[in-house]
Amino acid sequence: MKKVFEISKWEFLEKVKTRAFILSLIITPALVIMVSIGGTFLSTSEQESTKAIGIIDSSMVYFYPLSQTLESYKLDNGQPAYVVFNLNQPMEEYNNAILSADKEVYKNKISGYILLRRYGNDSLNIEYRSSNSGNFKDVQRIENAVEEVRLKMQLQKLGINPDLLNTYFSRISINQITIKEGGQIQQSDFLTEFLSAIVFIMLLLMMIIYSGQMLVRSLVEEKSNKLIEILISSCTPEQLLAGKILGLSALGLFQMFIWACIGIGLAGSSMIPASAFNNIFIMLVYFILGFLFYTALFVGIGSIVTTEQEAQQITSYLSLVLVLPIAISASAIFNPDSLLVEILSFIPLTIPAIMLLKINVVNVPTAEILSTIIIMVASIYITIFAASKIFRIGILSYGKRPGIKELISWIKEK
Amino acid sequence: MLAVRNLTKEYNDVVAVKNLSFTVNEGKIFGLLGPNGAGKTTTIRTLLNIIKPTSGEISFNDRRISRDFFNIIGYLPEDRGLYKKSRVDEVILYFAALKNMNRSKSQKQLDYWLERLGIVHYKTKKIEELSKGNQQKVQFIISVIHNPKLLILDEPFSGFDPINQQIIRETILSFISEGKLIVLSTHHMDFAEKMCSEILLMNKGQEVCSGSLSQLKKNFGGNMVEIGFEGNSNLIKELKYVKGIDDYNNYAEVQLEDSIEPYVFLRDIADKIRVNHFRIIEPTLNKIFIDMIKQSA
Numbered sequence: 004m005k006k007v008f009e010i011s012k013w014e015f016l017e018k019v020k021t022r023a024f025i026l027s028l029i030i031t032p033a034l035v036i037m038v039s040i041g042g043t044f045l046s047t048s049e050q051e052s053t054k055a056i057g058i059i060d061s062s063m064v065y066f067y068p069l070s071q072t073l074e075s076y077k078l079d080n081g082q083p084a085y086v087v088f089n090l091n092q093p094m095e096e097y098n099n100a101i102l103s104a105d106k107e108v109y110k111n112k113i114s115g116y117i118l119l120r121r122y123g124n125d126s127l128n129i130e131y132r133s134s135n136s137g138n139f140k141d142v143q144r145i146e147n148a149v150e151e152v153r154l155k156m157q158l159q160k161l162g163i164n165p166d167l168l169n170t171y172f173s174r175i176s177i178n179q180i181t182i183k184e185g186g187q188i189q190q191s192d193f194l195t196e197f198l199s200a201i202v203f204i205m206l207l208l209m210m211i212i213y214s215g216q217m218l219v220r221s222l223v224e225e226k227s228n229k230l231i232e233i234l235i236s237s238c239t240p241e242q243l244l245a246g247k248i249l250g251l252s253a254l255g256l257f258q259m260f261i262w263a264c265i266g267i268g269l270a271g272s273s274m275i276p277a278s279a280f281n282n283i284f285i286m287l288v289y290f291i292l293g294f295l296f297y298t299a300l301f302v303g304i305g306s307i308v309t310t311e312q313e314a315q316q317i318t319s320y321l322s323l324v325l326v327l328p329i330a331i332s333a334s335a336i337f338n339p340d341s342l343l344v345e346i347l348s349f350i351p352l353t354i355p356a357i358m359l360l361k362i363n364v365v366n367v368p369t370a371e372i373l374s375t376i377i378i379m380v381a382s383i384y385i386t387i388f389a390a391s392k393i394f395r396i397g398i399l400s401y402g403k404r405p406g407i408k409e410l411i412s413w414i415k416e417k
Numbered sequence: 002m003l004a005v006r007n008l009t010k011e012y013n014d015v016v017a018v019k020n021l022s023f024t025v026n027e028g029k030i031f032g033l034l035g036p037n038g039a040g041k042t043t044t045i046r047t048l049l050n051i052i053k054p055t056s057g058e059i060s061f062n063d064r065r066i067s068r069d070f071f072n073i074i075g076y077l078p079e080d081r082g083l084y085k086k087s088r089v090d091e092v093i094l095y096f097a098a099l100k101n102m103n104r105s106k107s108q109k110q111l112d113y114w115l116e117r118l119g120i121v122h123y124k125t126k127k128i129e130e131l132s133k134g135n136q137q138k139v140q141f142i143i144s145v146i147h148n149p150k151l152l153i154l155d156e157p158f159s160g161f162d163p164i165n166q167q168i169i170r171e172t173i174l175s176f177i178s179e180g181k182l183i184v185l186s187t188h189h190m191d192f193a194e195k196m197c198s199e200i201l202l203m204n205k206g207q208e209v210c211s212g213s214l215s216q217l218k219k220n221f222g223g224n225m226v227e228i229g230f231e232g233n234s235n236l237i238k239e240l241k242y243v244k245g246i247d248d249y250n251n252y253a254e255v256q257l258e259d260s261i262e263p264y265v266f267l268r269d270i271a272d273k274i275r276v277n278h279f280r281i282i283e284p285t286l287n288k289i290f291i292d293m294i295k296q297s298a
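Protein chains in written order, with the numbering used here: chain A, 4 to 417; chain B, 2 to 298.
Take a look at the structure:
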């Protein structure tokens with residue numbers, strides 16, 4: 004046990020002093036903060052100011068009710084979302100009206116304008132012409148407004164009291180409340196939950212990829228200069244393996260500790276919302292399980308490669324698998340109960356990331372949490388067992404990388 | 002006493018070492034010699050308990066080699082390399098700690114060895130700042146700092162200049178008087194010849210010959226003479242009892258048939274060429290090595 008401690012101490016102290024590690028301590032949180040602040044910024048900035056929009060209405064009947072409806076939309080700060088201008092010109096000047104309105108848009112005097120053309124009795128053609136086509140919120144509001152106005156007008160024709168319509172159309176906003184176990188109720192903010200999950204996954208990924216690469220690189224170094232032979236003539240391969248994993252985990256914990264300090268500091272200054280730390284305990288469990296699992300994988304793989312290039316190649320494959328959950332995170336967020344997510348939440352490679360994501364978005368049943376944790380613990384045990392077997396032989400073989408068959412025979416060897 | 006009995010190691014279908022036996026006594030240097038790929042490294046790895054033999058037995062002082070022996074074995078591998086970015090003292094102390102030395106003792110030994118090998122002023126330098134020779138010295142210290150009873154040295158002289166080779170040689174010789182057991186593997190036949198009391202020559206995983214140096218030379222067939230001359234060396238080759246000749250133009254090593262007395266050869270040849278000097282020689286280890294390996298191939 005003393006030797007395991009000496010090895011882990013060495014691994015920790017040697018790596019903690021490297022310039023790359025010190026840089027990663029600062030750069031990773033900086034990146035994460037940029038992403039989360041960027042996200043918050045993006046999702047709020049579009050509502051900040053009142054927009055000027057115009058209407059050209061060849062039928063002349065829509066302008067008034069439509070502008071009223073549009074101007075009734077309010078921003079979060081209480082200001083109207085739109086100021087509406089009438090860009091209509093006399094009938095014969097219709098084409099001129101469009102030309103001059105286009106110019107206004109082009110000159111940025113208005114954000115865009117609505118072009119209404121009526122064909123026949125009830126057929127409407129509507130365009131929203133603006134300098135960019137990406138503004139879904141505007142288009143959606145305009146669609147709703149036109150729909151509302153048209154319905155109102157048709158109902159009015161049938162002699163129904165417009166006041167009733169007003170009640171019917173009075174806007175309802177839904178507050179999302181997430182119910183936690185034990186009757187706790189909490190106003191949920193989708194964005195912060197998504198972001199905190201993403202932040203955690205990114206931290207996990209970066210830590211795993213970073214320390215995994217470090218581990219593989221140091222193994223390759225020790226192999227290529229035969230230090231490994233001096234090492235295992237002083238301790239058993241199992242002790243060496245345990246020492247390396249422990250040292251690296253200590254390094255990871257230290258890194259997390261520093262990041263947590265930064266995180267808590269930022270939460271104090273409310274740059275990161277405090278609600279991001281709601282599930283912190285269970286998230287930590289998945290975090291550590293994921294870290295151990297991947298570290299063991301990296302050890303097994305690292306011990307069979309001989310050159311730096313091979314090491315890089317093989318760690319980038321593993322990193323790809325790691326990034327998979329990020330790639331499907333959107334579907335996991337919007338549809339946490341989908342089959343794909345359901346399957347991935349039971350595969351050891353993806354459990355940690357998927358569960359980190361899910362746990363923040365939906366109420367994951369305790370049974371699922373327990374079963375995934377059991378799966379993780381079991382697979383960590385199996386991986387470490389296999390990795391140590393591969394390690395024992397792999398660190399002494401040079402040259403050609405062993406095939407699957409050979410690896411299996413290594414694992415079976417007593 | 003280190004005793005190896007019927008050691009065999011197979012990898013899949015390759016037999017790396019086959020039925021190897023030898024013993025090494027206290028205060029002796031045992032030479033494990035052989036060409037590249039002969040199975041020396043595999044033999045050393047089994048001695049170090051890094052790999053398990055397929056069959057056979059290795060014991061040290063009548064106890065089977067096991068994990069308990071880690072701390073009394075010192076090993077200097079052939080390929081050298083250290084943690085380049087780390088400090089000399091930290092690296093040495095790390096490996097000392099892995100041999101279960103306590104800190105204060107290893108500190109003392111560290112200073113002693115740095116002083117003895119003349120690199121004390123590099124103590125806090127990074128490994129990469131040291132010359133190759135000095136890095137080798139650090140590695141040498143790592144293999145001996147814990148005062149091992151069994152020391153396994155694989156090419157201990159490679160990479161050293163003649164002055165440092167002498168320092169290392171003297172250091173190794175001093176271990177003899179301390180009663181250490183030393184297994185020396187090398188391609189430098191002159192060192193092996195001068196230092197080893199027992200030798201085992203192996204090829205293709207098997208023993209070719211073994212024994213004390215004098216015994217080996219006797220068995221090898223000692224009817225050799227060296228001759229310095231002026232004239233045509235073909236005249237030497239034409240003598241029917243000359244079995245072999247190493248011809249250097251003005252100098253030759255000549256092997257005669259066992260029944261021929263060297264003076265007969267001198268008398269016969271002196272008529273034909275001018276002889277500058279003549280000496281009866283024993284075969285060098287180098288010659289034994291080359292001839293035996295050729296024979297066994």
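For each residue, glycine too, the CB sits at the ideal point set by N, CA and C.
Note to self: Quick test of the definition: if touching needs 3 or more C-beta pairs under 8 Å, does the segment 379-389 of chain A touch the segment 344-364 of chain A?
What the structure shows: yes
Next item on the list: Helix, strand or coil for Glu-199(B), going by three-state DSSP, please let me know.
Entry: Taking the first residue of the second sequence as 1, we reach residue 199(B) at position 198. Residue state, collapsed to three classes: strand.
Note to self: I want to see whether chain A comes within less than 7 Å of Asp-80(B), judged by CB atoms only; does it?
What the structure shows: By 1-based counting over the second sequence, the position of residue 80(B) is 79. With 7 Å as the cut-off, Asp-80(B) counts as an interface residue toward chain A.
Check: Can you tell me whether Arg-395(A) is buried or exposed, with buried defined as 16 or more other CB within 10 angstroms of its CB?
Finding: Here residue 395(A) refers to the residue found at position 392 when the first sequence is read from its first residue. Classification of Arg-395(A): buried, given that the 10 Å Cβ count is 16 or more.
Check: Quick one, which residues of the segment 65-90 of chain B are near chain A if we go by CB-CB under 9 Å, in chain order?
Finding: Arg-68, Phe-71, Asn-72, Ile-74, Gly-75, Tyr-76, Leu-77, Pro-78, Glu-79, Asp-80, Arg-81, Gly-82, Leu-83, Tyr-84, Lys-85, Lys-86, Ser-87
Check: Per DSSP, which one or two residues make a beta bridge with Lys-241(B)?
Finding: Here residue 241(B) is taken as the residue at index 240 of the second sequence, counted from 1. Answer by DSSP bridge pairing: none, since Lys-241(B) is not bridged.
Notebook entry, point to check: Which residues, taken in chain order from the segment 225-256 of chain A, show a beta carbon closer than 8 Å to some beta carbon of chain B?
Noted result: Ser-227, Asn-228, Lys-229, Leu-230, Glu-232, Ile-233, Leu-234, Ile-235, Ser-236, Ser-237, Cys-238, Thr-239
Margin query: Output needed for Leu-208(A): all residues of its chain with C-beta closer than 6 Å, excluding positions within five of it in sequence on either side, in chain order.
Written below: Locating residue 208(A) in the first sequence gives position 205, counting from the first residue. Cβ neighbours of Leu-208(A) beyond the five flanking positions: Leu-325.
Notebook entry, point to check: Going along chain D in order, which residues have a C-beta closer than 8 Å to the C-beta of Asn-101(B)?
Noted result: In summary, chain D is missing from the structure at hand, where the protein chains are A and B.
Notebook entry, point to check: How would you call Ala-390(A), buried or exposed, if buried means at least 16 neighbouring beta carbons within 10 angstroms?
Noted result: Here residue 390(A) refers to the residue found at position 387 when the first sequence is read from its first residue. Buried, by the Cβ-count rule.
Next item on the list: Give me the Cβ distance between Thr-298(A) and Leu-230(A), rounded to the nearest whole Å; I'm assuming they're in contact under 8 Å.
Entry: Taking the first residue of the first sequence as 1, we reach residue 298(A) at position 295. Taking the first residue of the first sequence as 1, we reach residue 230(A) at position 227. Actually they are not in contact, since the Cβ atoms of Thr-298(A) and Leu-230(A) sit about 20 Å apart, beyond 8 Å.
Item checked: 9 Å Cβ cut-off: residues of chain A touching Ala-17(B) -> Translated into positions along the second sequence, residue 17(B) becomes position 16. Listed along chain A is no residue with a C-beta nearer than 9 Å to that of Ala-17(B); the closest approach is about 12 Å.
Next item on the list: Might you give, ordered along the chain, the residues of its own chain that have their beta carbon closer than 7 Å to the beta carbon of Ile-346(A), omitting 5 neighbours on each side?
Entry: For the purposes of this step, residue 346(A) is taken as residue 343 along the first sequence, with counting starting at 1. Once the five neighbours on either side are set aside, Ile-346(A) has no close Cβ partner at all.
Next item on the list: Step through the CB atoms of chain A and report whether any lies within less than 7 Å of the CB of Ile-274(B).
Entry: The residue you call residue 274(B) lines up with position 273 of the second sequence. Chain A, which has no Cβ nearer than 7 Å to the Cβ of Ile-274(B), makes this no.
Checklist line | Between the CA atoms of Asn-80(A) and Tyr-131(A) - distance to the nearest angstrom | finding: Working through the first sequence from its first residue, we reach residue 131(A) at position 128. Working through the first sequence from its first residue, we reach residue 80(A) at position 77. Roughly 25 Å separates the two Cα atoms.
Check: Hey, how far is the Cα of Ala-253(A) from the Cα of Leu-182(B)?
Finding: In the first sequence, the residue the question calls residue 253(A) occupies position 250. In the second sequence, the residue the question calls residue 182(B) occupies position 181. Approximately 40 Å, taken between the alpha carbons.
Note to self: Quick check: is the beta carbon of Trp-13(A) nearer than 7 Å to any beta carbon in chain B?
What the structure shows: What you label residue 13(A) is simply residue 10 of the first sequence in a count that begins at 1. So, interface residue.
Next item on the list: Could you check which residue in Gly-397(A), Lys-6(A), Arg-120(A), Leu-28(A) has the C-alpha nearest to that of Ile-261(A)?
Entry: Residue 261(A) sits at position 258 when you count from the first residue of the first sequence. Considering only alpha carbons, the answer is Leu-28(A).
Notebook entry, point to check: Bridge partners of Met-2(A), per DSSP?
Noted result: Residue 2(A) lies beyond the range of chain A shown here (4 to 417); nothing can be said about it.
Checklist line | Residue span of the alpha helix (DSSP H) that contains Leu-152(B), given as start and end | finding: Looking up residue 152(B) in the second sequence gives position 151. Here Leu-152(B) belongs to no alpha helix (DSSP H); instead the beta strand (DSSP E) covers 151-155.
Next item on the list: Let me know the alpha helix (DSSP H) ranges lying completely inside the segment 54-85 of chain A, each 4 residues or longer, listed in chain order.
Entry: 66-74
Check: Under the three-state reduction of DSSP, which class applies to Ile-117(A): helix, strand or coil?
Finding: In the first sequence, counting from the first residue as 1, residue 117(A) sits at position 114. Here Ile-117(A) sits in strand by DSSP.
Check: Where do the ends of the beta strand (DSSP E) carrying Ala-253(B) lie?
Finding: As a first step, residue 253(B) is located in the second sequence; it is residue number 252 there, counting from the start. Start and end: 252-257.
Notebook entry, point to check: Across which residues does DSSP place Val-184(B) in a beta bridge pair?
Noted result: Your numbering for residue 184(B) matches position 183 in the second sequence. Phe-31(B), Ile-153(B).
Next item on the list: Residues of the segment 92-123 of chain B with a CB closer than 8 Å to any CB of chain A: list them in chain order, please.
Entry: Tyr-95, Phe-96, Ala-98, Leu-99, Lys-100, Asn-101
Notebook entry, point to check: Taking C-beta to C-beta, are Leu-240(B) and Ile-274(B) nearer than 7 Å?
Noted result: For the purposes of this step, residue 240(B) is identified with residue 239 of the second sequence, where counting begins at 1. For the purposes of this step, residue 274(B) is identified with residue 273 of the second sequence, where counting begins at 1. Not a contact, by the Cβ cut-off of 7 Å.
Item checked: Members of the segment 382-408 of chain A that neighbour chain B once the beta carbon cut-off is set at 8 Å -> Leu-399
Margin query: Please classify Pro-54(B) as buried or exposed, where buried requires at least 16 neighbouring CB atoms within 10 angstroms.
Written below: Numbered from its first residue, the second sequence carries residue 54(B) at position 53. Answer is buried; the Cβ neighbour count reaches 16.
Note to self: Any beta carbon of chain A sitting closer than 7 Å to that of Leu-49(B)?
What the structure shows: For the purposes of this step, residue 49(B) is identified with residue 48 of the second sequence, where counting begins at 1. Cβ-Cβ to chain A under 7 Å: yes for Leu-49(B).
Check: Near Arg-153(A), what residues of its chain come up, given a Cβ to Cβ distance below 6 Å and the 5 sequence neighbours on each side ignored?
Finding: Looking up residue 153(A) in the first sequence gives position 150. The same chain holds no residue with a CB closer than 6 Å to that of Arg-153(A) once the five nearest residues on each side in sequence are set aside.
Notebook entry, point to check: So the beta strand (DSSP E) Glu-227(B) belongs to, where does it begin and stop?
Noted result: Residue 227(B) sits at position 226 when you count from the first residue of the second sequence. Under the DSSP assignment, Glu-227(B) falls in the beta strand (DSSP E) whose first and last residues are 225-231.
Check: If you compare alpha carbons, which of Arg-68(B), Ile-282(B), Lys-150(B), Ile-74(B) is closest to Asn-224(B)?
Finding: Along the second sequence, one-based indexing puts residue 224(B) at 223. Nearest C-alpha to Asn-224(B): Ile-282(B).
Checklist line | Cα-Cα separation, Phe-290(B) to Gly-28(B) | finding: As a working mapping, residue 290(B) is identified with position 289 in the second sequence. As a working mapping, residue 28(B) is identified with position 27 in the second sequence. Phe-290(B) and Gly-28(B): Cα-Cα distance of roughly 25 Å.
Check: Run through DSSP, which three-state label would Ile-163(A) get?
Finding: In the first sequence, residue 163(A) corresponds to position 160, counting from 1. The answer is coil: DSSP assigns Ile-163(A) none of H, G, I, E or B.
Note to self: Determine, for Glu-9(A), whether the minimum Cβ-Cβ distance to residues of chain B falls below 7 Å.
What the structure shows: In the first sequence, residue 9(A) corresponds to position 6, counting from 1. It does: the Cβ of Glu-9(A) has a partner Cβ on chain B nearer than 7 Å.
Notebook entry, point to check: What are the boundary residues of the beta strand (DSSP E) that Ile-365(B) is part of?
Noted result: What is shown of chain B runs 2 to 298, which leaves residue 365(B) out entirely.
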